[in-house]
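Chemist: Input: one structure, supplied below.
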Amino acid sequence: MLANGRSYLAIPGPSVMPDAVLQAMHRSAPNIYTGALHDLTHSLIPDLKKVARTEGEVAIYIGNGHAAWEAALANVLSRGDRILVLVTGRFGHGWARMAAGLGVGCEVVDFGERSDIDLARVEEALRADSGHTYKAVLVTHVDTSTGVRNDVAGVRAVLDATGHPGLLMVDCIASFACDRFEMDAWGADVAVAASQKGLMTPPGLGFVYFNDRANAARDHADLATEYWDWRPRIRPEIYSEYFDGTAPTHHLYGLRTALDMILAEGMEAVWARHEALAQCLWEASEIWASDGPLELNIADRSKRSHAITSFAMEEGQADRLRDWCEHKTGVTLGIGVGRQPASAFFRVGHMGHVNAHMMLGVIAVIDAGLKALDIAHGANAVEAATRHVARVVGA
Ligand SMILES: Cc1ncc(COP(=O)(O)O)c(C=O)c1O
């Protein structure tokens with residue numbers, strides 16, 4: 002009834018695409034053999050490195066996050082290798098399952114769906130591996146199913162303290178360009194990202210960052226195939242040589258514009274915006290949760306992602322709320338991925354091209370939905386959110 006008008010896809014990816022990104026892609030196909038497209042591809046590499054805060058390499062793949070997951074594993078591992086996988090939700094399990102499918106032995110440490118990685122347990126697992134059989138330790142920076150944000154630098158510190166030589170491999174797909182991530186300073190050897198969340202571009206590009214240590218592992222990795230090999234892919238000329246197929250032409254134009262927007266704002270400002278908007282949502286959510294069935298999945302604010310927040314309700318309620326928000330007001334909320342019963346969970350994506358009026362709009366809509374559906378909730382949540390924005394932005 003009140004849904005007509007510009008809709009808002011408030012799910013944790015794909016995220017809202019800026020008009021400028023859409024317009025950049027709205028063109029006829031370019032010459033892929035020579036000319037502007039190559040200059041553009043060259044220009045992407047240093048800017049992608051700025052977003053990850055790394056001097057290492059970045060390989061661009063035509064594929065989603067799953068493709069980048071596989072590429073990352075294939076370039077450093079061999080069939081029969083062992084790895085340690087630190088799991089805080091559905092996506093950690095997914096990466097482990099993919100490694101197992103490639104013939105890699107996975108030791109999974111599962112921290113559950115409501116908390117972050119416990120570094121003491123990581124230390125225990127690494128010390129128990131006195132023969133250093135784990136070739137790598139896999140971490141999901143932000144698990145999109147639970148909304149938890151893990152301490153990547155903390156895992157590096159434990160690897161160093163235990164003298165364990167395993168590579169630190171990080172899934173940044175949900176957190177990239179939303180939550181602070183500093184690949185080199187935090188000691189990540191491999192980082193995986195994708196285009197459709199903080200990078201505000203359609204799904205279809207995957208990025209694998211790697212440093213010299215990881216590249217040395219490539220020498221012995223027998224899982225690497227010609228297509229997934231990252232060495233040729235760090236050279237933007239790859240497309241003109243037609244080595245690995247047709248360039249993802251329009252994605253590259255869209256990404257160029259998205260990176261221009263991100264770097265014009267500045268990484269510190271981008272991260273600060275995501276943090277302020279996440280806190281705006283939490284101000285309201287904690288009030289809703291104070292008197293009724295709605296619960297924030299991660300209790301501790303300092304462990305929550307700034308890109309996605311996950312909520313639990315009673316069975317069926319989340320489905321009703323999502324349905325109401327979408328069909329009555331034009332706001333689409335995320336489903337409860339990897340949780341049971343799914344109808345009790347929903348997620349809000351606040352990643353990428355999101356500003357205060359969008360966040361306040363989502364909050365007000367959820368508040369209206371709780372009222373319309375007669376779901377108990379604490380009062381004055383919207384007021385708390387607007388106060389937060391007023392406080393952060395000032396006069
Ligand atoms: C943390 C995380 N890892 C991996 C993936 C998989 O990425 P894709 O859906 O692009 O394959 C996602 C997607 O939501 C994700 O959030």
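Just so you know, we're using the numbering used here here: the sequence shown kicks off at 2 and counts up by one. Where a beta carbon is used, it is the ideal one built from N, C-alpha and C, also for glycine. In this text, all values refer to a predicted model and were calculated from it rather than measured experimentally.
Does the Cβ of His133 have 16 or more other Cβ atoms within 10 Å, making it buried, or fewer, making it exposed?
Modeler: Locating residue 133 in the sequence shown gives position 132, where the first residue counts as 1. By the 10 Å Cβ count, His133 comes out exposed.
Chemist: On a CA-only basis, which of Ala380, Leu334, Ala300 and Thr310 is nearest Thr433? Give me that one, please.
Modeler: In the structure displayed, the chain extends from 2 to 396; residue 433 sits before or after that span and is not available.
Chemist: Between which residues of its own chain and Phe92 is the CB-CB distance below 7 angstroms, once the five residues before and five after are set aside?
Modeler: By 1-based counting over the sequence shown, the position of residue 92 is 91. Closer than 7 angstroms at the Cβ level, and outside the excluded window around Phe92, lie Thr141, Asp144, Thr145, Ser146 and Asp172.
Chemist: To the nearest angstrom, how far is it from the Cα of Tyr228 to the Cα of Thr247?
Modeler: Residue numbering aside, residue 228 sits at position 227 when the sequence shown is read from its first letter. Residue numbering aside, residue 247 sits at position 246 when the sequence shown is read from its first letter. Distance between the alpha carbons of Tyr228 and Thr247 is about 13 angstroms.
Chemist: To which residues does DSSP link Ala194 through a beta bridge?
Modeler: Within the sequence shown, residue 194 is the residue found at index 193, counting from 1. Answer is Phe208, bridged to Ala194.
Chemist: I need the DSSP call for Glu276, collapsed to helix, strand or coil.
Modeler: Residue mapping note: residue 276 aligns to position 275 of the sequence shown, counting from 1. In this structure, Glu276 counts as helix in the three-state DSSP scheme.
Chemist: Measure how close the beta-carbons of Pro13 and Lys198 come, nearest whole angstrom, since I'm counting them as under 8 angstroms.
Modeler: Reading the sequence shown from its first residue, position 12 is the one you call residue 13. Reading the sequence shown from its first residue, position 197 is the one you call residue 198. So it is a contact: roughly 7 angstroms between Cβ atoms.
Chemist: Can you give me the C-alpha to C-alpha distance between Thr42 and Ile84, rounded to a whole angstrom?
Modeler: For the purposes of this step, residue 42 is taken as the residue at position 41 of the sequence shown. For the purposes of this step, residue 84 is taken as the residue at position 83 of the sequence shown. Distance between the alpha carbons of Thr42 and Ile84: 34 angstroms.
Chemist: In this structure, does DSSP put Cys107 in helix, strand or coil?
Modeler: Translated into the one-based positions of the sequence shown, residue 107 becomes position 106. Cys107: strand per DSSP, three-state reduction.
Chemist: Taking the straight line between their C-alpha atoms, what separation do you get for Asp220 and Asp245?
Modeler: Residue 220 sits at position 219 when you count from the first residue of the sequence shown. Residue 245 sits at position 244 when you count from the first residue of the sequence shown. Taking the straight line joining both Cα atoms gives about 20 angstroms.
Chemist: Ignore the nearest five residues each way along the sequence and tell me which others in Tyr243's own chain have a CB closer than 7 angstroms to its CB.
Modeler: Here the question's residue 243 lines up with position 242 in the sequence shown. Here Tyr243 scores only 49 on pLDDT, less than 50, and its place in the model is too uncertain to base an answer on.
Chemist: Confirm, please, whether the CB-CB distance from His307 to Glu276 is below 7 angstroms.
Modeler: Along the sequence shown, one-based indexing puts residue 276 at 275. Along the sequence shown, one-based indexing puts residue 307 at 306. Yes.
Chemist: Could you tell me which residues DSSP puts in a beta bridge with Ile309?
Modeler: The sequence position of residue 309 within the sequence shown is 308, counting from 1. Per DSSP, Gly350.
Chemist: Please confirm whether Ala11 and Val332 have their CB atoms less than 7 angstroms apart.
Modeler: Locating residue 11 in the sequence shown gives position 10, where the first residue counts as 1. Locating residue 332 in the sequence shown gives position 331, where the first residue counts as 1. The answer is yes: Cβ separation under 7 angstroms.
Chemist: Closer than 6 angstroms: is that where the CB of Gly36 sits relative to any heavy atom of ligand 1?
Modeler: As a position in the sequence shown, residue 36 is number 35, starting the count at 1. Checking every heavy atom of ligand 1 against the Cβ of Gly36, none is found closer than 6 angstroms.
Chemist: Measuring CA to CA, which of Leu297, Trp272, Gly293 and Ala273 is closest to Glu284?
Modeler: For the purposes of this step, residue 284 is taken as the residue at position 283 of the sequence shown. Per the Cα distances, Leu297.
Chemist: Can you tell me which of Ser291, Trp272 and Ala192 puts its alpha carbon nearest to the alpha carbon of Ala69?
Modeler: Residue 69 sits at position 68 when you count from the first residue of the sequence shown. Checked all of Ser291, Trp272 and Ala192; the closest Cα to Ala69 is Ala192.
Chemist: When DSSP labels each residue in this structure, what does Tyr243 get in the three-state scheme?
Modeler: As a position in the sequence shown, residue 243 is number 242, starting the count at 1. Residue placement at Tyr243 is flagged as unreliable, the pLDDT there being 49, under the threshold of 50; the coordinate-derived value follows with that caveat. Note: Tyr243 maps to coil in three-state DSSP.
Chemist: Can you give me the C-alpha to C-alpha distance between Val153 and Leu3, rounded to a whole angstrom?
Modeler: By 1-based counting over the sequence shown, the position of residue 153 is 152. By 1-based counting over the sequence shown, the position of residue 3 is 2. Using only the alpha carbons, I get a separation of about 43 angstroms.
Chemist: Indicate the three-state DSSP secondary structure (helix, strand or coil) for Thr333 in the structure shown.
Modeler: Along the sequence shown, read from residue 1 onward, the residue named residue 333 stands at position 332. The answer is strand: DSSP assigns Thr333 an E or B state.
Chemist: Quick check on Leu200: does DSSP put it in helix, strand or coil?
Modeler: Here residue 200 refers to the residue found at position 199 when the sequence shown is read from its first residue. Three-state result, Leu200: coil.
Chemist: Taking the straight line between their C-alpha atoms, what separation do you get for Gln24 and Phe177?
Modeler: Taking the first residue of the sequence shown as position 1, residue 24 is located at position 23. Taking the first residue of the sequence shown as position 1, residue 177 is located at position 176. Rounded to whole angstroms, Gln24 to Phe177 spans 23 angstroms at the Cα level.
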